[in-house]
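Our numbering applies: residue 1 is where the sequence shown begins, and numbers increase by one.
Beta carbons are placed, not taken as given, at the ideal position from N, Cα and C, and that holds for glycine.
Remember, it's a predicted structure, so these values are computed and weren't measured experimentally.
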Amino acid sequence: MSAQPILLQAGIKDVAFGENVKVVQPVNLYGCSIGNNCFIGPFVEVQKDVTIGDKCKVQSHAFICELVTIGNNCFIGHGVMFINDVFATGGPAQGKKELWKSTTIGNNVSIGSNATILPVEICNDVVIGAGSVVTKNISVPGIYAGNPAKFLRTIQ
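The following block contains the structure:
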């Protein structure tokens with residue numbers, strides 16, 4: 001077999017940046033909005049229609065898919081994955097964006113490395129432990145961890 005692949009390029013396209021944003025390349029940022037005083041680490045993808053608030057830090061290898069809104073003063077750890085397609089029909093939505101779901105992250109939320117965030121709402125002042133899988137809305141501030149993530153205790 002000697003076919004040639006179609007080569008696509010990662011980069012930064014159609015991004016609304018706030019003041020004093022630091023981005024470590026390579027990244028793939030497109031059609032999104034990133035607030036003031038943010039840091040975006042290398043090997044991060046932020047897709048279109050994502051909004052990231054002020055004073056947020058997104059560590060390397062994070063994936064923030066369409067339909068995600070992140071508040072102010074948030075930390076997204078290394079390798080955090082956001083999901084917008086819950087395979088409602090038994091497999092990928094395959095172009096049926098109406099099947100995708102949104103995620104809203106409040107202010108002062110820290111998400112530990114390698115966590116997976118399904119389409120949920122997370123209130124302000126929450127810590128998600130590393131490796132956790134958030135499958136349900138979180139409406140009470142505190143520390144959550146596990147698979148599925150469960151409330152452990154309040155933040156002191």
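Going by DSSP in three states, Leu7 sits in which element: helix, strand or coil? Position 7 of the sequence shown holds residue 7. Coil at Leu7, not helix or strand.
Since Ile83 and Cys65 are thought to touch, with beta carbons under 8 Å apart, how far apart are those beta carbons, to the nearest angstrom? Position 83 of the sequence shown, counted from the first residue, corresponds to residue 83. Position 65 of the sequence shown, counted from the first residue, corresponds to residue 65. Contact flag correct, Cβ pair sits at about 7 Å.
Option in Gly79, Asp49 and Glu19 with minimal Cα separation from Gly35: Within the sequence shown, numbered from 1, the residue matching residue 35 stands at position 35. Comparing Cα-Cα distances from Gly35 to each of Gly79, Asp49 and Glu19, the minimum goes to Glu19.
Nearest by alpha-carbon distance to Asn72: which of Val80, Ser60 and Asn37 is it? Position 72 of the sequence shown, counted from the first residue, corresponds to residue 72. The shortest C-alpha separation from Asn72 is found at Asn37.
Taking the CB atoms as reference points, tell me whether His78 and Gln59 lie closer together than 8 Å. Here the question's residue 78 lines up with position 78 in the sequence shown. Here the question's residue 59 lines up with position 59 in the sequence shown. Cβ atoms of His78 and Gln59: closer than 8 Å.
Thinking just about the alpha-carbon of each residue, which of His61, Pro42, Lys97 and Cys32 is nearest to the one in Lys48? The residue you call residue 48 lines up with position 48 of the sequence shown. Among His61, Pro42, Lys97 and Cys32, the Cα nearest to that of Lys48 is on Cys32.
Specify the secondary structure class of Leu29 as computed by DSSP and reduced to three states. Position 29 of the sequence shown, counted from the first residue, corresponds to residue 29. Strand.
Who are the Cβ neighbours of Gly129 in its own chain at under 6 Å, not counting the five residues just before and after it? Locating residue 129 in the sequence shown gives position 129, where the first residue counts as 1. Cβ neighbours of Gly129 beyond the five flanking positions: Gly112 and Ala145.
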